[in-house]
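Right, dumping it as structure tokens:
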């Protein structure tokens, strides 16, 4: 997927962080960007958990590839550990 720098900058500026609420026990820290949600949280017995949700129903059509998927790359310490188109 080719995305312009301007489009990427716009999506990044609109990103928002949703913190865990004390009164709502089921909530977890979440970053919302481009209609997707990325959760990063600590779980007892597991350590750091990162969960990516691409099926929010709010992803703009121009971010979805012709085959209906959303291209994704996951980096850990600067190294790509997962990539899918």
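Numbering (the working numbering), first residue to last: 103 to 187.
C-beta: ideal position from N, C-alpha, C; glycine also.
Per DSSP, the continuous beta strand (DSSP E) segment holding residue 177 begins and ends at 174 to 178.
Only exposed fits residue 159, as fewer than 16 other CB atoms lie within 10 angstroms of its CB. Put simply, the stretch 160 to 174 touches the stretch 137 to 145. At least three CB pairs are less than 8 Å apart. DSSP places residue 110 within a helical segment (H, G or I) once states are collapsed to three.
Relative to the Cα of residue 129, the nearest Cα in the group 145, 162, 183, 116 belongs to 145. A straight-line Cα-Cα distance of about 22 Å links residue 148 and residue 182.
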